[in-house]
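See below for the structure under consideration.
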Amino acid sequence: GAYQASLTTQLWLILAAVVCVYIVLGVLYESYIHPLTILSTLPSAGVGALLALRLADIEFSLIALLGLFLLVGVVMKNAILMIDFALGLERREGLTPEQAIHRAAMLRLRPIVMTNLAGLLGALPLVLGMGEGSELRRPLGVTIVGGLMISQFLTLYTTPIVYLALERLRLKMAGWRARRA
Numbered sequence: 021g022a023y024q025a026s027l028t029t030q031l032w033l034i035l036a037a038v039v040c041v042y043i044v045l046g047v048l049y050e051s052y053i054h055p056l057t058i059l060s061t062l063p064s065a066g067v068g069a070l071l072a073l074r075l076a077d078i079e080f081s082l083i084a085l086l087g088l089f090l091l092v093g094v095v096m097k098n099a100i101l102m103i104d105f106a107l108g109l110e111r112r113e114g115l116t117p118e119q120a121i122h123r124a125a126m127l128r129l130r131p132i133v134m135t136n137l138a139g140l141l142g143a144l145p146l147v148l149g150m151g152e153g154s155e156l157r158r159p160l161g162v163t164i165v166g167g168l169m170i171s172q173f174l175t176l177y178t179t180p181i182v183y184l185a186l187e188r189l190r191l192k193m194a195g196w197r198a199r200r201a
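Residue numbers for the sequence shown follow the numbering used here, beginning at 21 and rising by one.
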């Protein structure tokens, strides 16, 4: 009854948030393709968070959902750091997508790792804390720590791959439109 309705509502909330983020990123990059590169980081964060909740034997609750939203912000910021830098290199220096994303990944590695470490270390007291109210804070911390740990490793590898794949797709579509016109 009420629990099932709550789960359905949470699913719609997550979907609405992703659609809003896609629209904002689409306007920011003036592209339909590049927001998908950034959104491709979300599954690794979600899987990491859900896996951590499962390992800690904690149910997915409203507090865990809030942690997931916070996590989405941090993980997407990391992807935006890399993609924005790569697009800037392509435009300013005329680099190929391969050269641009490689250089962006190398130069943005430290800020990405520092952001993740700050989030991870900031959430550790929530995970390890005992005492009154800890059962309310623990799902938030577990969600953040688990999601950041998994996404840190995966997004550093997958973001450049997805960027290059979608960039090739964009170039093919541009060529197809040019031939058609």
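Just so you know, even glycine gets a beta-carbon here, dropped at the ideal spot from N, CA and C.
In this structure, Val162 sits near Ala72, with a CB-CB distance shorter than 7 Å. Considered as a whole, the stretch 65 to 139 harbours 82 to 113 as its complete alpha helix (DSSP H) runs of no fewer than 4 residues, in chain order. Closest option to Cys40, judged by alpha-carbon separation, among Gly93, Leu75, Leu85, Pro117: Gly93.
In terms of Cα proximity to Leu59, the closest of Gly149, Asn98, Leu115 is Asn98. When rounded, the separation of the alpha-carbon atoms in Glu79 and His54 is 34 Å. Sixteen is the threshold: since fewer than 16 other Cβ atoms of the shown chains lie within 10 Å of the Cβ of Gly114, the residue is exposed. In this structure Ile43 is exposed. Its beta-carbon is surrounded by fewer than 16 other beta-carbon atoms within 10 angstroms. For Thr135, the closest of Asp77, Ile164, Gly66, Arg123 by C-alpha to C-alpha distance is Ile164. Inclusion of Thr175 and Thr61 in the CB contact set at 7 Å is warranted, their separation being smaller than that value. For Ala194, the enclosing alpha helix (DSSP H) has its first and last residue at 154 to 200.
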